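Residue numbers (our numbering), protein chains in the order written: chain A, 848 to 1096; chain B, 848 to 1096.
Protein chains: 2
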Amino acid sequence: MTRFALTLEFDGTPFMGLQRQKHGPSVQQAIETAAAAITQEDVRMQAAGRTDAGVHAIAMRAHIDVEKPLSAFQMMEALNARLRPQPIAVIGCQIVADAWHARFSCIERRYLYRICNRRAPLALSAGRAWQVAPPLDEEQMQAAAQILIGTHDFTTFRSVHCQSQSPVKSLSLLQVERSGEDIMIHAAARSFLHHQVRSMVGCVALVGMGRWTIDDLGAALAARNRQRLGLNAPAHGLYFKEAVYAVAG
Amino acid sequence: MTRFALTLEFDGTPFMGLQRQKHGPSVQQAIETAAAAITQEDVRMQAAGRTDAGVHAIAMRAHIDVEKPLSAFQMMEALNARLRPQPIAVIGCQIVADAWHARFSCIERRYLYRICNRRAPLALSAGRAWQVAPPLDEEQMQAAAQILIGTHDFTTFRSVHCQSQSPVKSLSLLQVERSGEDIMIHAAARSFLHHQVRSMVGCVALVGMGRWTIDDLGAALAARNRQRLGLNAPAHGLYFKEAVYAVAG
Chain A
848 MTRFALTLEF
858 DGTPFMGLQR
868 QKHGPSVQQA
878 IETAAAAITQ
888 EDVRMQAAGR
898 TDAGVHAIAM
908 RAHIDVEKPL
918 SAFQMMEALN
928 ARLRPQPIAV
938 IGCQIVADAW
948 HARFSCIERR
958 YLYRICNRRA
968 PLALSAGRAW
978 QVAPPLDEEQ
988 MQAAAQILIG
998 THDFTTFRSV
1008 HCQSQSPVKS
1018 LSLLQVERSG
1028 EDIMIHAAAR
1038 SFLHHQVRSM
1048 VGCVALVGMG
1058 RWTIDDLGAA
1068 LAARNRQRLG
1078 LNAPAHGLYF
1088 KEAVYAVAG
Chain B
848 MTRFALTLEF
858 DGTPFMGLQR
868 QKHGPSVQQA
878 IETAAAAITQ
888 EDVRMQAAGR
898 TDAGVHAIAM
908 RAHIDVEKPL
918 SAFQMMEALN
928 ARLRPQPIAV
938 IGCQIVADAW
948 HARFSCIERR
958 YLYRICNRRA
968 PLALSAGRAW
978 QVAPPLDEEQ
988 MQAAAQILIG
998 THDFTTFRSV
1008 HCQSQSPVKS
1018 LSLLQVERSG
1028 EDIMIHAAAR
1038 SFLHHQVRSM
1048 VGCVALVGMG
1058 RWTIDDLGAA
1068 LAARNRQRLG
1078 LNAPAHGLYF
1088 KEAVYAVAG
C-alpha cells in the first residue's frame, strides 16, 4: 500500500462541497472516481478540511491509499487526465509515510477571504470574491478582528449544522489587508467550526461598514448565541489556502 | 447630447469579441442594448480597442452619446443593472467633452498577457491564463522581447484578417516578469495590429521553452512573413489593461 499526499486546487462553484454528498457532485467524489478508474481499487480520500459548497481551494491537502505501484508523478498525471474537464487540479503529489494523515496530522488550517469593495458588480472576479458596495474601513475591520484572536467559545460564529464536539476554538490569526479595491482577510487556526471563517468575516465587515461597533462584535462573541450573528459572508469569497503539518508531507 | 466615457471590465469568454458581430454576442452589442433600453435612443458605442473573442478587459475605455439627461452615476448604475447577468461591469463613468473620443483620442493601448507556467491544468484560473507546461526561462523571454521594441514592420505577427492600412507599428513596451508560476507580459503601443500581442507572446514563449533562439525571433521579425510565425498564444490569457489619453476622459 502506498499513501499519496495530494495538493488540490479547485474552483468550488460546481461542487456541493469537498466532502462526498448524496445530493450532488463533490471534490471527494471526483478524486475517488478518478483514482478508482486509474487503479481499479476502491479508493477513499481524506482531506485536511471540509469546505462548503462554493468554497474554493488554492492548496487543499488530502491523501489516498493505493495498492497499484505508481510513482508520484504518474499518479498526478493520471489524476489530472481523469479529472478533466472538472475544475480540480492536482498541483502536488508525494508518496508519504503511512503515519502521515492529511486530516489528523494537520496542525493548522489557513484560509483567505476575498472581498471586492466596489459599487460595480464583478465581471472578471464573479464567483471569486464577495462584492461589498458600501465603503469599508479596513483599519476598523483589522482592529475588530483582533478581539476574536485567542481561545473562545465561538458558538455565535458556528453553523447549526456544525458537528464539532466543542464550540471552543483557538484562533491564531485574523488579518485584514487592503490592496486597492480588494480586501484580503487571512485566517488561521488549528481547526475551525463549520461556517466560522465566513461568520467572522461577515461580522467584521459590518464593523467596516460602520453598522457595528467593535463593542457590538465583542458582545456578539460573548453572547455565545447563533441568534446574535450579524452576517454570514458568502461562500464564493472563501479559499482554503494552506494546511500546515509538523512533519513534511 | 451628452458623451459618457465608460470604463469596462469584462470576462471575454462568452463573447465573439468587443466589436458587434453578426454571428454571436459581443460586448458592444451588450452595452448598446442596455443603453438603448435606458434611453429609448439608438446608441452606438466607440471603444479604445477591438479585442478578439475570448480576450478579457481589466479597464477597456469606451464612449456613448445620449440625449436623455442622466448623471454619470445614474448612467453607470442603470447600465450595470441592465447588463446583469452578463460578465460586463461598468467600473467607471464620466461625462466628457464632445472632443474626447474613446478610440481617436487614445494615445497608447496597454495589454497584459498572463501565462501560468506549470504542468497541472488550471482550476481557479481556467480561461484566465495560458497554461504552459514546459519550464519557461523568463530572463531569456525578456531578452527576446527587447528586440521587438521600436518601430518595425510586424507583418509576421499580424493576422491575415488585420484591417490596418500599414503593418508598421511602434512597440513601446514588452516586459516579461515572473511571480511564482505566473509569467506576466506587459505590452504597450500607440496601436497594435490584429493578433499582434498574442503572436509576439507566442514567439517569445518559444524562446522561453528553448525551442527558438533570440536570433530565430529576430529572423522571423525580419522576414515580414506570416508563414514565419512560430506560435499564436491563445486569446484567454490576454487582458486589455489600460487606454491612455492626452486629455483626461
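Beta carbons are placed, not taken as given, at the ideal position from N, Cα and C, and that holds for glycine.
Quick caveat: nothing in here was measured; it's all calculated off a predicted structure.
In the DSSP assignment, D912 of chain B is bridged to B:R850. Secondary structure note for A1035 of chain B: its beta strand (DSSP E) is the uninterrupted segment D1029 to A1036. The beta carbon of L1078 of chain B sits closer than 7 Å to those of G1049, C1050, A1052 and L1053, all from its chain and outside the five residues before and after it, given in chain order. Taking 7 Å as the cut-off between beta carbons, the residues of the region 925–944 of chain A near chain B are N927, R931, P934, I935, A936, V937 and I938, in sequence order.
Put simply, of A:A894, A:S1038 and A:P934 the residue whose alpha carbon is nearest the alpha carbon of F1001 of chain A is A:S1038. For the pair A980 of chain B and A936 of chain A, the CB atoms are not nearer than the 8 Å cut-off. The beta carbon of L969 of chain B sits closer than 8 Å to some beta carbon of chain A.
DSSP, reduced to helix, strand and coil, places V1023 of chain B within a strand of the structure shown. Ranking B:L1076, B:A949 and B:E985 by CA distance to the CA of M1056 of chain B puts B:E985 first. Between H1042 of chain B and the set B:A1069, B:A1082 and B:V1015, the nearest pair of CA atoms involves B:A1082. Within the same chain, and ignoring the five residues on either side of L853 of chain B in sequence, the residues whose Cβ sits closer than 6 Å to its Cβ are A909, V937 and C940. Between N1072 of chain A and T1003 of chain A, the C-beta spacing is below 8 Å. Look at D912 of chain A: its C-beta is not under 8 Å from any C-beta on chain B. Listed by position along chain A, the residues whose Cβ is nearer than 7 Å to that of I878 of chain B form an empty set, because the closest Cβ is around 12 Å away. Here S1019 of chain B has E955, I996, A1035, A1036 and R1037 as same chain residues with Cβ atoms under 8 Å from its own Cβ, once five neighbours each way along the sequence are excluded.
Between the region 884–903 of chain B and the region 1085–1094 of chain A there are fewer than three inter-stretch CB-CB distances shorter than 8 Å, so the stretches are not counted as touching. With 16 or more other Cβ atoms inside 10 Å of its own Cβ, G859 of chain A counts as buried. DSSP, read as helix, strand or coil, puts G939 of chain B in strand. In the DSSP annotation of this structure, the continuous segment of the alpha helix (DSSP H) that includes C1050 of chain A starts and ends at Q1043 to M1056. With a minimum length of 3 residues, the unbroken runs of beta strand (DSSP E) contained wholly in the region 946–994 of chain B fall at 953–963.
Non-local beta-carbon contacts of V1015 of chain A in its own chain, meaning distances under 8 Å to residues more than five positions away in sequence, involve T998, H999, D1000 and F1001 in chain order. If you look at M892 of chain A, you'll find it in the beta strand (DSSP E) that goes M892 to A894. A residue is called buried once 16 or more other Cβ atoms fall within 10 Å of its Cβ, and H903 of chain A is buried on that count. Shown in chain order are the members of the region 893–905 of chain B whose Cβ falls below 9 Å from a Cβ of chain A: H903, A904 and I905.
Taking every protein chain shown into account, the CB of G1065 of chain B has fewer than 16 other CB atoms within 10 angstroms, so this residue is exposed. Excluding residues up to 5 positions away in sequence, H910, D912, V943 and D945 lie with their Cβ nearer than 6 Å to the Cβ of R850 of chain A in the same chain. Between L930 of chain A and A882 of chain A, the beta carbon gap of about 10 Å keeps them out of contact (Cβ cut-off 8 Å).
For the region 972–987 of chain A, the set of residues with a beta-carbon nearer than 8 Å to any beta-carbon of chain B comprises A973 and R975, in chain order. Secondary structure at A904 of chain B: strand, using DSSP grouped into helix, strand and coil.
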